[in-house]
Amino acid sequence: MMQVKRNSSNVIQLAPKRQSSESGSSFQRSKNRETRIIAITSGKGGVGKTNIVANLGIALVKLGQKVMILDADMGLGNLDILLGISPKFNLSHVAVGEKRISDIIVEGPGKILILPAASGIQELAQLSKAQTTHLLSELYRVLDPIDILLIDTAAGISSNVLHFNAISQEIIVVTSPEPTAITDAYAMMKILSLQYGARCFRLLVNMVNNIQEAHEVYRQLSLVADRFLDIRIEYLGHVFYDRNVVRGVKLQQVVTLSNPTTLASRCYESLAARVLESSELSFPMRDAKGFLKHLIANKMDFGQ
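304 is the number that UniProt numbering gives the last residue of the sequence shown; the numbers go up by one with no jumps.
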């Protein structure tokens with residue numbers, strides 16, 4: 001297990017915890033279970049995915065979970081901007097071997113832990129096999145105290161996006177009611193199914209005007225998936241369109257903290273509860289650390 005240390009620059013340091021009979025470290029796992037690795041992904045940009053990751057993470061913390069968010073949009077990371085934080089180091093420093101991953105962890109609003117990505121570094125948009133293996137090896141070292149790791153992937157179907165989805169136990173696909181977003185969400189699930197053997201997905205419909213609109217998106221995707229793909233899509237939930245979310249983005253404020261009783265915030269609370277409820281339910285989950293260890297040992301063989 002690990003314990004938390006904080007330095008003057010607000011960097012969270014995860015140091016090996018000495019064996020002790022004392023109980024009650026502020027950063028111990030809340031339950032005796034493996035870390036859950038959940039990728040949150042989308043077929044296209046503009047569906048509010050990063051906002052969902054941040055708010056869902058904070059909602060999970062409110063329910064007693066130790067949550068870390070990995071900003072996996074390597075070349076165009078913006079989670080730090082959304083949260084109004086300015087990390088000194090990011091995953092680019094880890095990828096080139098300048099820093100350990102434990103050196104770059106920062107605490108964001110609502111006590112979520114952040115692994116920030118770089119922004120404007122084209123070379124990181126497509127990590128080499130060696131760089132990806134190195135990042136996974138580093139990630140493996142810091143998972144012990146974490147209940148849930150949320151991976152905020154980039155939008156689209158680049159190799160980085162597909163690889164980070166492939167290492168996850170669970171995949172949440174975010175879409176909006178727009179036809180292009182629905183089509184791209186289907187394309188994402190199709191590629192992950194055919195190339196990486198993913199069979200189970202959870203659907204989250206964002207920026208809906210009513211529940212019926214969200215259910216119709218789910219119906220359309222399920223109908224096509226049942227006909228053409230050997231996958232299962234579970235309806236995770238929806239988030240209503242809420243002007244407070246838009247206002248919060250402009251002010252770099254997360255709506256679950258700035259407006260905890262607003263419509264969208266209540267949706268995030270429900271989503272967090274469903275994520276926790278579903279941990280024991282329908283989706284078969286592999287051992288996260290065991291799978292990462294397997295990938296590292298086999299030099300990133302993602303194929304099925």
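Even for Gly, the Cβ is constructed at its ideal location relative to N, Cα and C.
Backbone CA spacing between residue i and residue j [nearest angstrom]
| i | j | result |
| --- | --- | --- |
| residue 233 | residue 225 | 8 Å |
| residue 95 | residue 86 | 19 Å |
| residue 194 | residue 228 | 11 Å |
| residue 128 | residue 159 | 10 Å |
| residue 283 | residue 170 | Caution applies to residue 283, whose pLDDT of 47 falls short of 50 and renders its modelled position unreliable; the value that the coordinates give is listed next. Approximately 8 Å between the Cα atoms of the pair. |
| residue 110 | residue 61 | 7 Å |
| residue 278 | residue 202 | 10 Å |
| residue 177 | residue 251 | 26 Å |
| residue 255 | residue 76 | 23 Å |
| residue 26 | residue 47 | For residue 26, the predicted model reports a pLDDT of 36, less than 50, meaning its position is unreliable; a value from the coordinates is still stated below. Cα to Cα, residue 26 sits roughly 35 Å from residue 47. |
| residue 130 | residue 139 | 14 Å |
| residue 179 | residue 63 | 34 Å |
| residue 74 | residue 248 | 24 Å |
| residue 23 | residue 190 | Only weak support exists for where residue 23 lies, its pLDDT of 35 falling under 50; the coordinates are left without a value. |
| residue 168 | residue 196 | 11 Å |
| residue 30 | residue 276 | Bear in mind that a pLDDT of 46 at residue 30, under 50, signals an unreliable position, so the number given afterwards is only what the model happens to contain. If you take the alpha carbons of residue 30 and residue 276, they lie about 13 Å apart. |
| residue 261 | residue 97 | 43 Å |
| residue 72 | residue 259 | 27 Å |
Contact check, residue i vs residue j, beta carbons under 9 Å
| i | j | result |
| --- | --- | --- |
| residue 163 | residue 132 | yes |
| residue 315 | residue 147 | Residue 315 is absent from the model: the chain starts at 1 and stops at 304. |
| residue 175 | residue 166 | no |
| residue 155 | residue 44 | yes |
| residue 101 | residue 141 | yes |
| residue 268 | residue 78 | no |
| residue 212 | residue 84 | no |
| residue 41 | residue 161 | yes |
| residue 305 | residue 67 | The requested residue 305 does not occur in the structure, where the chain is confined to residues 1 to 304. |
| residue 204 | residue 271 | yes |
| residue 198 | residue 231 | yes |
Cβ distance (whole Å) where residue i is taken to contact residue j below 8 Å
| i | j | result |
| --- | --- | --- |
| residue 209 | residue 241 | 6 Å |
| residue 214 | residue 238 | 4 Å |
| residue 115 | residue 69 | 7 Å |
| residue 188 | residue 157 | 6 Å |
Top-ranked residue by Cα proximity to residue i, from the options
| i | options | result |
| --- | --- | --- |
| residue 38 | 255, 200, 88 | 200 |
| residue 265 | 138, 47, 58 | 58 |
| residue 88 | 196, 71, 106 | 106 |
| residue 81 | 205, 259, 108, 92 | 108 |
| residue 137 | 112, 91, 172 | 91 |
| residue 34 | 145, 112, 99 | 145 |
| residue 112 | 257, 98, 261, 262 | 257 |
| residue 51 | 276, 103, 152 | 152 |
| residue 99 | 134, 72, 263 | 134 |
DSSP beta-bridge partners of residue i
| i | result |
| --- | --- |
| residue 274 | Partner(s): none; residue 274 has no beta bridge. |
| residue 206 | 239 |
| residue 223 | Paired residues: none, contrary to the question. |
| residue 201 | 233 |
| residue 54 | Residue 54 is not bridged to any residue. |
| residue 68 | 113, 149 |
| residue 39 | 151, 171 |
| residue 246 | Its beta-bridge partners do not exist; DSSP assigns none. |
| residue 307 | Not covered by the structure: residue 307. The range shown for the chain is 1 to 304. |
| residue 269 | In the DSSP output, where bridge partners are listed per residue, residue 269 has none listed. |
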